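Residue numbers (the working numbering): 7 to 331.
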């Protein structure tokens, strides 16, 4: 059966993390391989990234960060459940553990999200096209409710729902990466309720958990989209997002969010993603499969019948993924 038509947003995360990462992201945008970026407003290069976004008219959203580096809000001025004694966020897994243990005060989460939205407007001079979560913190239990409330209050309509069908069966992922991807997917499915209640919207399909870093290839991106769209009737246009982390690798001490760049940002895998995204092979393959790259603004300008993203479509087409091994 032929695929339905697909409009694909390609989002580069971690814009503002370091100048070298940003250089690669801008290169990918100018090549037409990336159509959107998510800005870390507490990133070491946030100000120069904002200048680049304005200069090249890059559609820019907020990469809400509650897990890495220093906060931008009032939490930096006193005791906070979001921070270590040294004044840094608790880390990718540390924050998750604190949330699961009930040790995170959700009003402080709301306060930091509001502060980051304010800082975004200061840097960009306008509202974000979307807000998603650094390391997917925005779909965690409890946090997703506060996140949705904050976005609604600030007039932000679009977010990311990181539900990637079939990710538990991607044998090329190392066991820790596969387990994390499955946990993110479970949290994202549970977050659909709060997101819907507060009027948030997202693309019909999402890919990127199975194609991060060394695992990205034209074949795997195409395969992830095929899994996401399997069984969906043809004859309508669907929307999808590809999450990516391209760029030139960070070189310490430059970069990071107050603690220097992490191993993820320093890895050669960032350059691998940049090369896959900008090489002709991927874009040629997507075009042959009826996939058109676009921006969130393009999606929002369409009428409902033309494939605006939203929770109703997802609930119709997303069945539970098989459990992780």
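Virtual Cβ for every residue (Gly too), placed ideally from N, Cα, C.
The structure displayed is predicted, hence computed values, not measured ones.
First through last residue of the alpha helix (DSSP H) which encompasses residue i
{"i": "residue 38", "result": "Note, residue 38: premise wrong, no alpha helix (DSSP H); not H, not E."}
{"i": "residue 99", "result": "98–106"}
{"i": "residue 229", "result": "224–235"}
{"i": "residue 118", "result": "112–130"}
{"i": "residue 180", "result": "Element bounds for residue 180: n/a, residue is neither H nor E."}
{"i": "residue 269", "result": "269–272"}
Residue from the options with nearest C-alpha to residue i
{"i": "residue 37", "options": "303, 270, 288 and 296", "result": "288"}
{"i": "residue 140", "options": "192, 114, 119 and 32", "result": "119"}
{"i": "residue 30", "options": "134, 253 and 179", "result": "253"}
{"i": "residue 262", "options": "34, 233 and 76", "result": "76"}
{"i": "residue 28", "options": "305, 304, 292 and 257", "result": "257"}
{"i": "residue 270", "options": "247, 145 and 23", "result": "23"}
{"i": "residue 156", "options": "122, 176 and 177", "result": "122"}
{"i": "residue 201", "options": "138, 128 and 267", "result": "138"}
{"i": "residue 153", "options": "112, 126, 191 and 282", "result": "112"}
{"i": "residue 281", "options": "88, 87 and 222", "result": "222"}
{"i": "residue 72", "options": "227, 35, 264 and 260", "result": "264"}
Residue i to residue j span [Cα, whole Å]
{"i": "residue 160", "j": "residue 301", "result": "21 Å"}
{"i": "residue 101", "j": "residue 41", "result": "30 Å"}
{"i": "residue 151", "j": "residue 196", "result": "11 Å"}
{"i": "residue 53", "j": "residue 211", "result": "32 Å"}
{"i": "residue 278", "j": "residue 189", "result": "25 Å"}
{"i": "residue 26", "j": "residue 69", "result": "18 Å"}
{"i": "residue 272", "j": "residue 74", "result": "15 Å"}
{"i": "residue 205", "j": "residue 298", "result": "26 Å"}
{"i": "residue 171", "j": "residue 62", "result": "34 Å"}
{"i": "residue 44", "j": "residue 199", "result": "24 Å"}
{"i": "residue 232", "j": "residue 85", "result": "47 Å"}
{"i": "residue 294", "j": "residue 13", "result": "13 Å"}
{"i": "residue 186", "j": "residue 158", "result": "28 Å"}
{"i": "residue 218", "j": "residue 174", "result": "14 Å"}
{"i": "residue 39", "j": "residue 19", "result": "14 Å"}
{"i": "residue 209", "j": "residue 136", "result": "12 Å"}
{"i": "residue 275", "j": "residue 255", "result": "8 Å"}
{"i": "residue 229", "j": "residue 92", "result": "44 Å"}
{"i": "residue 318", "j": "residue 203", "result": "Note that residue 318 scores a pLDDT of 38, beneath 50, so its modelled location is shaky and nothing firm can be said."}
{"i": "residue 169", "j": "residue 57", "result": "32 Å"}
{"i": "residue 183", "j": "residue 16", "result": "21 Å"}
{"i": "residue 192", "j": "residue 235", "result": "19 Å"}
{"i": "residue 309", "j": "residue 66", "result": "A caution first: residue 309 carries a pLDDT of 37, below 50, which makes its placement in the model unreliable, though a value can still be read off. Roughly 23 Å separates the two Cα atoms."}
{"i": "residue 162", "j": "residue 125", "result": "15 Å"}
{"i": "residue 242", "j": "residue 286", "result": "27 Å"}
{"i": "residue 47", "j": "residue 266", "result": "15 Å"}
{"i": "residue 89", "j": "residue 237", "result": "45 Å"}
{"i": "residue 21", "j": "residue 176", "result": "28 Å"}
{"i": "residue 99", "j": "residue 268", "result": "14 Å"}
{"i": "residue 51", "j": "residue 134", "result": "18 Å"}
{"i": "residue 304", "j": "residue 226", "result": "25 Å"}
Span of the beta strand (DSSP E), counted from its first residue to its last, around residue i
{"i": "residue 14", "result": "11–21"}
{"i": "residue 144", "result": "Per DSSP, residue 144 belongs to no beta strand (DSSP E) and is neither H nor E."}
{"i": "residue 297", "result": "297–299"}
{"i": "residue 51", "result": "Element bounds for residue 51: n/a, residue is neither H nor E."}
{"i": "residue 244", "result": "243–250"}
Residue j beta carbon less than 9 Å from that of residue i
{"i": "residue 96", "j": "residue 107", "result": "no"}
{"i": "residue 110", "j": "residue 148", "result": "yes"}
{"i": "residue 131", "j": "residue 49", "result": "no"}
{"i": "residue 165", "j": "residue 207", "result": "yes"}
{"i": "residue 250", "j": "residue 291", "result": "no"}
{"i": "residue 194", "j": "residue 143", "result": "no"}
{"i": "residue 128", "j": "residue 284", "result": "no"}
{"i": "residue 260", "j": "residue 213", "result": "no"}
{"i": "residue 11", "j": "residue 244", "result": "yes"}
{"i": "residue 35", "j": "residue 64", "result": "yes"}
{"i": "residue 216", "j": "residue 167", "result": "no"}
Coarse secondary structure for residue i, derived from DSSP in three states
{"i": "residue 67", "result": "strand"}
{"i": "residue 282", "result": "helix"}
{"i": "residue 207", "result": "strand"}
{"i": "residue 215", "result": "coil"}
{"i": "residue 30", "result": "helix"}
{"i": "residue 24", "result": "coil"}
{"i": "residue 139", "result": "strand"}
{"i": "residue 305", "result": "helix"}
{"i": "residue 185", "result": "helix"}
{"i": "residue 164", "result": "strand"}
{"i": "residue 201", "result": "helix"}
{"i": "residue 288", "result": "helix"}
{"i": "residue 94", "result": "coil"}
{"i": "residue 72", "result": "coil"}
{"i": "residue 157", "result": "helix"}
{"i": "residue 45", "result": "strand"}
{"i": "residue 4", "result": "Coverage of the chain is limited to positions 7 through 331, which leaves residue 4 absent and any answer about it impossible."}
Below-9 Å beta-carbon distance, residue i vs any chain C residue
{"i": "residue 270", "result": "Absent from the structure: chain C. Only one protein chain is present."}
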